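Undergrad: Just passing along the structure, written as C-alpha cells.
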Amino acid sequence: KAGVTQTPRYLIKTRGQQVTLSCSPISGHRSVSWYQQTPGQGLQFLFEYFSETQRNKGNFPGRFSGRQFSNSRSEMNVSTLELGDSALYLCASSSPPGYTDTQYFGPGTRLTVL
Amino acid sequence: QQQVKQSPQSLIVQKGGISIINCAYENTAFDYFPWYQQFPGKGPALLIAIRPDVSEKKEGRFTISFNKSAKQFSLHIMDSQPGDSATYFCAASMWTGGAGSYQLTFGKGTKLSVIP
C-alpha cells in the first residue's frame, strides 16, 4: 500500500503571496489531519477533515484553511504569507477515522517564505 | 500554553547505552500517549504507545513507563544503536466529543544522537 503523499515537497514563496499544499492519504483512509512543524514551536495541529467536513481546528489564524475532496485528498491553503509561516507542513491520514493509533504521516512540504 | 512538556531537548548516548526521554502533561483528560520517531526528511512515524490503564509497555528495545499520579511518562531505548539517531516526540491525545475525533498534542521533541 502506498503511503501518504504530499506535493510539492519544497516551495519558496514571498511575503503576501498565497500557497496551496496537497495531500493524498493512504488508500481507504478517510480522515486527514494537517500539522505545522517549526524548530521553535514543534508540531502544532492545524485542522482535521473527514468526509469533506472540517471536524477539528487548532489555534491558527483564518489565513490557514483547508478542504477535503470526495476521494479523501486534501489541500491546505495559506493566504497572505508571512515570514513566520516558514515551516514543514505535515499531513497525516488515519483509519478508523480519528483513531490516532493508526495515524500515518507523509514526508511533509517544506515551505520557505522570503 | 504548552500541554505536554518534553525533556531533554537533545541527548547524546554511547552505543549500547540506555536513552531516556521524559514527558509531563497537565490535562487529565488525555487518554492515549504515543511516541513518534522522525528521521531527517521524513514525517514522524508511530513508535510505541500506551494508555493510562497500564504502567509499562515494552516493544523490543523500546519501553514506555507511565506514572498516572505524577502525570509523567517516559521512553526508554535499551541497547541504543546509531540507527536510533533521530528526533523523538511524545504526544498526548484526548477525545474531543464535539468534533467526534481525537486530537494529538505533541511535545517539542528530543534530538537523540547515538555515537559509536
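Just so you know, the protein sequences line up as chains W and C, in that order.
Per my numbering, the very first residue in the first sequence carries number 1; after that it's consecutive.
Per my numbering, the very first residue in the second sequence carries number 1001; after that it's consecutive.
For glycine and all other residues, C-beta sits at the position ideal for the given N, C-alpha and C.
None of the values given here were measured: they were computed from a predicted structure.
When we look at the beta-carbon of A1091(C) and count the other beta-carbons within 10 Å, is it buried (16 or more) or exposed?
TA: Looking at its Cβ environment, which holds 16 or more other Cβ atoms inside 10 Å, A1091(C) is buried.
Undergrad: Only counting the same chain, and skipping five residues up and downstream in sequence, which positions put a Cβ closer than 6 Å to that of K1057(C)?
TA: Excluding residues within five positions, the ones whose Cβ falls inside 6 Å are I1050 and I1064.
Undergrad: From the DSSP secondary-structure annotation, give me the bridge partner or partners of I1021(C).
TA: L1075(C).
Undergrad: Spell out whether any CB of chain C is found under 8 Å from the CB atom of F45(W).
TA: It does: the Cβ of F45(W) has a partner Cβ on chain C nearer than 8 Å.
Undergrad: Which residues, in chain order, does the stretch 1046-1072 of chain C contribute to contact with chain W at a C-beta distance below 8 Å?
TA: So the list reads L1046 and A1049, given in the order they occur along the chain.
Undergrad: Run through chain W and tell me which residues come within less than 8 Å of F1039(C), C-beta to C-beta.
TA: Near F1039(C) there are no residues of chain W at all, since even the closest Cβ is about 10 Å away, more than 8 Å.
Undergrad: Go to A1070(C), then tell me how far its beta strand (DSSP E) extends in each direction, as first and last residue.
TA: Run containing A1070(C): none; DSSP gives neither H nor E here.
Undergrad: Below 6 Å CB to CB, which residues in the same chain sit around Q17(W) once its five sequence neighbours on both sides are set aside?
TA: Within the same chain, Q17(W) has close Cβ partners L81.
Undergrad: In the structure shown, what three-state DSSP assignment does G66(W) receive?
TA: Looking at G66(W) - three-state DSSP - the assignment turns out to be strand.
Undergrad: Under 8 Å, Cβ to Cβ, is there at least one residue of chain C near E82(W)?
TA: It does not; no Cβ of chain C falls within 8 Å.
Undergrad: Let me check understanding here. Comparing Cα to Cα, which of L88(W), V32(W), F69(W) and P107(W) lies closest to V113(W)?
TA: Nearest C-alpha to V113(W): L88(W).
Undergrad: From the DSSP output, in three-state form, read off G84(W) for me.
TA: Correct three-state label for G84(W): helix.
Undergrad: Can you name the residues that DSSP bridges to R110(W)?
TA: Answer is Y10(W) and L88(W), bridged to R110(W).
Undergrad: Can you tell which of A1024(C), S1113(C) and A1086(C) has the C-alpha that lies nearest to the C-alpha of F1066(C)?
TA: For F1066(C), the nearest C-alpha among the options comes from A1024(C).
Undergrad: With 16 other CB atoms within 10 Å as the buried threshold, where does M133(W) fall?
TA: With chain W covering 1 to 114 only, the question about residue 133(W) has no answer from this structure.
Undergrad: Under DSSP, the beta strand (DSSP E) around S22(W) begins and ends at which residues?
TA: Here the beta strand (DSSP E) through S22(W) covers V19 to S24.
Undergrad: For P1044(C), return the contacting residues in chain W, with the cut-off set at a CB-CB distance below 7 Å.
TA: Near P1044(C) (Cβ distances below 7 Å), the residues of chain W are F105.
Undergrad: Between the C-alpha atoms of L1075(C) and V78(W), what's the straight-line distance to the nearest angstrom?
TA: C-alpha separation (whole angstroms): 35 Å.
Undergrad: Need the endpoints of the beta strand (DSSP E) that G42(W) sits in, please.
TA: Looking at the DSSP string, the run of the beta strand (DSSP E) that includes G42(W) is G42 to F50.
Undergrad: Taking DSSP's pairing of strands, which residues face S93(W) in a bridge?
TA: Per DSSP, V32(W) and Y104(W).
Undergrad: If we ignore side chains and look at the alpha-carbon of each, how far apart do Q1014(C) and R1061(C) end up?
TA: About 15 Å.
Undergrad: Below 8 Å, can you find three or more Cβ-Cβ pairs linking the stretch 63-72 of chain W to the stretch 1076-1088 of chain C?
TA: Contact fails: fewer than three Cβ-Cβ distances are below 8 Å.
Undergrad: Since Y1103(C) meets chain W, which of its residues come closer than 7 Å, beta carbon to beta carbon?
TA: The sequence given here has Gln at residue 1103(C), not Tyr. Per Cβ cutoff of 7 Å: F45 and N56.
Undergrad: So, with DSSP's three-state summary, where would you put P1008(C)?
TA: P1008(C): coil per DSSP, three-state reduction.
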